[in-house]
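Below: one structure, written as structure tokens.
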Amino acid sequence: MAANTSDTTRDDRARDRDETGRARNARPRDALGRPLPRGAAGVPRVPDDATFTPDEALRQAQDLIDDGGFFHAHEVFEAVWKTCPPNERWLWRGLAQVAVGVTHVQRGNHSGARALLQRGRDALDRPHAPHDVDVTGVVAFADRLLEDVGAGHLVDTAVLNFTLRAN
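Plus 813 on top of the position in the sequence shown (first one is 1) and you've got my numbering.
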């Protein structure tokens, strides 16, 4: 079969790029992180170049989680993951994976939810974590959600929540 030499399916619009030339998506997003059409009103986003101390990140992410903003909490965790010491990457990556796993539950993508929740809970399954993060509680939350999603139970996404630090 001959290769299609026409480029009629290619989108020739310029992609959003940062100062280093890396692709960036400047389109607005909805509360679950899905891209909206250009010009649409979206929700505030975590800037790509955001930086947080661990305490700032945990406070902001908890506020977002409490409001159901798991996608945006994942972006906060990802920002710290990019800049943290190597011996903490497991923590921030695991938290980001659990948060985006919950986002997939909110979106109805149970296959994606199972994969990311499993990866995140496996990364966090340690007896202690830096910054007083309650990894035992986050893992227990992920396990319960994995069980519900795996069993095909209807998950009330309005009540999904976990606590990052034990009180």
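All C-beta atoms in this analysis are idealised placements derived from N, C-alpha and C, irrespective of residue type, glycine included.
- Item | Pairwise C-alpha distance: V968 and F884 | Stepping through the sequence shown from its first residue, residue 884 is reached at position 71. Stepping through the sequence shown from its first residue, residue 968 is reached at position 155. Taking the straight line from one Cα to the other gives about 17 angstroms.
- Item | Beta-bridge pairing of P848 - partner residues as DSSP gives them | As a first step, residue 848 is located in the sequence shown; it is residue number 35 there, counting from the start. Bridge partners of P848: R842.
- Spatial neighbours of P841 within its chain, please: CB distance less than 7 angstroms, with the 5 preceding and 5 following residues excluded, ordered by chain position. Reading the sequence shown from its first residue, position 28 is the one you call residue 841. The residues are L849, A853, A854 and G855.
- Query: Any chance the stretch 942-960 sits against the stretch 867-882, with 3 or more Cβ pairs inside 8 angstroms?
  - Reply: Between the stretch 942-960 and the stretch 867-882, the count of Cβ pairs shorter than 8 angstroms is three or higher; the stretches touch.
- Item | Among R934, G882 and L908, the one whose alpha carbon lies nearest that of V859 | As a position in the sequence shown, residue 859 is number 46, starting the count at 1. Closest by alpha carbon: G882.
- Query: With a Cβ-Cβ cutoff of 8 angstroms, do T896 and T864 count as a contact?
  - Reply: Within the sequence shown, numbered from 1, the residue matching residue 896 stands at position 83. Within the sequence shown, numbered from 1, the residue matching residue 864 stands at position 51. Against a cut-off of 8 angstroms, the Cβ pair of T864 and T896 comes out as a contact.
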